[in-house]
Amino acid sequence: MKFTQEQFDYMEEQFSNLTEQEKETLRKLVRSDLGVLVGKLMGPDFISFMAMLKLPKTGLAAPR
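Each residue of the sequence shown is one higher than the one before, counting from 25 in my numbering.
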């Protein structure tokens, strides 16, 4: 499935509006067997979006 930039922007905005608990639930889903299966079904664009859901790096690993 191909996503437009508008769709990615919308999903990113929606994700940012979630509570930290909801975000963590989605992150766990991404790392699960179900998340892998959904990624295969939805295609590489969706997998790229799912990768964005990872926790931001902190400390020395944080981007500057």
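Think of the CB as a built atom: it goes at the ideal place given N, C-alpha and C, for glycine as much as any other residue.
Backbone CA spacing between residue i and residue j [nearest angstrom]
i, j, result
"Leu-50", "Gln-31", "18 Å"
"Met-25", "Leu-61", "14 Å"
"Thr-43", "Leu-65", "27 Å"
8 Å Cβ cutoff, residue i in contact with chain B
i, result
"Gln-38", "Here there is only one protein chain, and chain B is not present."
N- and C-terminal bounds of the alpha helix (DSSP H) containing residue i
i, result
"Gly-63", "57-66"
"Met-35", "29-40"
"Lys-47", "44-54"
Counted within 10 angstroms of its Cβ, other Cβ atoms place residue i as buried (16 or more) or exposed
i, result
"Met-76", "exposed"
Reference residue i; option with closest CA among the options
i, options, result
"Ser-56", "Glu-36, Met-74, Pro-68", "Met-74"
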